[in-house]
Amino acid sequence: MMPWKEHVARSPGRDCDQARPRLRAGGGRDSDRGMRPPRCNKVPGVDLLEYQGKQLFARHGVPVPDGRLAVSVEEAMAAADDLGYPCVIKAQVQIGGRGKAGGIKLAKDRDEVREHAAAILGMNIRGLTVHELWVEEASEIDAEYYASVVFDRSAKAPLMMLSTKGGMDIEEVAAEDPDAIAKLHVDPLLGFQDFHGRRLAFEAGVDQDVVRPIGEMLGKLYEVFVSEEATLVEVNPLIVTSGSSDDGAARAVRALDAKVTLDENAMFRHSDNAQLRDISGEDPQERMAKERGLTFVKLDGDIGILGNGAGLVMSTLDVVAEAGGSPANFLDAGGGSKAEAITSAVEVILSNPKVKAVLFNIFGGITRCDEVARGLIEAFHQVNPQVPFVVRLDGTNDEEGRRLLADASLPNVIVESTMDGAARRVVELAAGRSAEPAGVMEAPSG
Ligand code: GDP
Ligand code: MN
368 MMPWKEHVAR SPGRDCDQAR PRLRAGGGRD SDRGMRPPRC NKVPGVDLLE
418 YQGKQLFARH GVPVPDGRLA VSVEEAMAAA DDLGYPCVIK AQVQIGGRGK
468 AGGIKLAKDR DEVREHAAAI LGMNIRGLTV HELWVEEASE IDAEYYASVV
518 FDRSAKAPLM MLSTKGGMDI EEVAAEDPDA IAKLHVDPLL GFQDFHGRRL
568 AFEAGVDQDV VRPIGEMLGK LYEVFVSEEA TLVEVNPLIV TSGSSDDGAA
618 RAVRALDAKV TLDENAMFRH SDNAQLRDIS GEDPQERMAK ERGLTFVKLD
668 GDIGILGNGA GLVMSTLDVV AEAGGSPANF LDAGGGSKAE AITSAVEVIL
718 SNPKVKAVLF NIFGGITRCD EVARGLIEAF HQVNPQVPFV VRLDGTNDEE
768 GRRLLADASL PNVIVESTMD GAARRVVELA AGRSAEPAGV MEAPSG
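Under my numbering, read the sequence shown as residues 368 to 813, first letter to last.
Now the structure itself:
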């Protein structure tokens, strides 16, 4: 076995963070040179931290080293005492290359645990601060392999990959030595069969004595992928542990790292997984919107945007930018927005203190403008906004909507009849250039 330090230095470490292998292979035009990122394969996903992935693995019988979570140096020491020495201190952040960045250290005794835990907690790994540590029993490594299951949309089937070139960036392996990665589609109706494991193991060229345990592990990883409704299950490195030479114990395999992405859209079927969302890493405003079922994306500007329908919201962002403004968010209230949804959306928009003015752009189709107006009036009663609102209502029941707004004489609400006019007005208001008297005004159309 290689000395640990050298070993880590040699390993570029945690895999492919951005360019993780949402890879395509097999069928399709891109398959000739091995793996390439697919064109448009984005499914909203929940990325798990390593320890969460390992806990999921453990539930499905994938062998993982024993470990404990720690959020302080004291907890890390207690965890290490519990596990025994040597142990490994691992930074828990949603990014690869932790080993290289100094976020993974071997500790042979208590003093080293104290030293490493103190150094790693609070460490910044490419923009992410470490708040949690995973303390794990150290593994004796004989070989580092790579295994993953991804969904290959072009083939409409899960794709399994196995390589003996693990512990390094798999994208690099794919580029330099595509043949080093064995790939196999699993017929989703047939499911994973023993021969799949054997074929992958032989093709990847794993050592003879671990063909069977590797096959078993692949089967369990497939089970994790299917039953947890993951979009990615990746193990890098999957290690072969050194067997003990004195009693001739066989070598074993273990998942030393875990990268799991769960399908966000399937989360409602897995209430026990919902808590795995990395709440700390999530923007509080985006979380609030998600909880309310709104389609929301936070941006850096100061003009709050609400529209109905993704296309209309996108073009609203464009016209605001065109008028020299900077949108604070994308928010699609959806078709048929009811008063309740509007109130909810206003609360989310105003929870961002940067917002200086808000543009409501509603094109009534299924959505009725009078409903939207009622929602806005209700929202004003509930949240009493301190910033101006520019409202453009067009389409189904727009006249009724405008009349309701005029009757309510909400402070700081300006009604514009065109999208361009509304955009210009909201940009002026956000910049503090427009000294409009409070009250509902019907601006001249044009
Ligand atoms: P990443 O750098 O973020 O991908 O983190 P990994 O969990 O993959 O760890 C990086 C590297 O640290 C691995 O490839 C191993 O070489 C090494 N490493 C991690 N844990 C152990 C361990 O228990 N024993 C040994 N010998 N090496 C380890
Ligand atoms: Mn890794």
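Built from N, CA and C at the ideal position, the CB exists for glycine as well. Small disclaimer: the values here were computed from a predicted structure and weren't measured.
Endpoints, beta strand (DSSP E) assigned at residue i
i	result
Asp765	Note, Asp765: premise wrong, no beta strand (DSSP E); alpha helix (DSSP H) at 765-775.
Asp433	First-last for Asp433: undefined, no H or E at that position.
Gly742	No beta strand (DSSP E) contains Gly742, which is instead part of the alpha helix (DSSP H) from 736-750.
Glu503	500-504
Check: residue i C-beta below 7 Å from any heavy atom of the ligand MN
i	result
Pro604	yes
Asp624	yes
Sheet register partners of residue i (DSSP bridge)
i	result
Pro525	Phe518
Ala510	Val607
Val725	Gly671, Phe756
Asn696	Lys665
Asp414	Thr628
Glu601	Ser515, Lys626
Ile548	Ser530
Val455	Leu473, Glu503
Asp761	Phe730
Exposed unless 16 or more other CB atoms sit within 10 angstroms - verdict on residue i
i	result
Arg400	With a pLDDT of 36 at Arg400, under the threshold of 50, the modelled position of that residue is not reliable, and the figure given next carries that caveat. Label assigned to Arg400: exposed.
Ser515	buried
Arg759	buried
Glu689	exposed
Glu441	exposed
His748	exposed
Met681	exposed
Asn632	exposed
Val438	exposed
Leu390	Confidence at Leu390 is low in this model, with a pLDDT of 38, below 50, so the placement of that residue should be treated as unreliable; the coordinate-derived value is given next. With 16 or more Cβ atoms within 10 Å of its Cβ, Leu390 is classed as buried.
Arg477	exposed
Glu601	buried
Gly394	With a pLDDT of 34 at Gly394, under the threshold of 50, the modelled position of that residue is not reliable, and the figure given next carries that caveat. Answer is exposed; the Cβ neighbour count stays below 16.
Gly676	buried
Terminal residues of the alpha helix (DSSP H) in which residue i lies
i	result
Ala712	706-717
Glu538	537-543
Val780	Careful: Val780 lies outside any alpha helix (DSSP H), inside the beta strand (DSSP E) at 780-783.
Val497	Run containing Val497: none; DSSP gives neither H nor E here.
Ala790	786-797
Val440	440-450
Residue i Cβ short of 7 Å to the ligand GDP heavy atom set
i	result
Lys523	no
Arg465	yes
Gly534	yes
Ala510	no
Ile487	no
Ser776	no
Lys657	no
Lys457	yes
Ile817	The requested residue 817 is not part of the displayed model; the chain covers only 368 to 813.
Distance cut-off 7 Å: residue i Cβ against heavy atoms of the ligand PLP
i	result
Ala505	What this structure holds is the ligand GDP and the ligand MN, not the ligand PLP.
So within the segment 553-581, which uninterrupted alpha helix (DSSP H) runs reach at least 4 residues, ignoring any that extend past its ends? 561-571
- prompt: Which ranges does the beta strand (DSSP E) cover as unbroken runs of at least 3 residues, wholly within the segment 612-680, from first to last along the chain?
  reply: 620-622, 626-630, 662-665, 670-674
| Which runs of the alpha helix (DSSP H), 4 residues or longer, sit entirely within the segment 459-495? | 477-487
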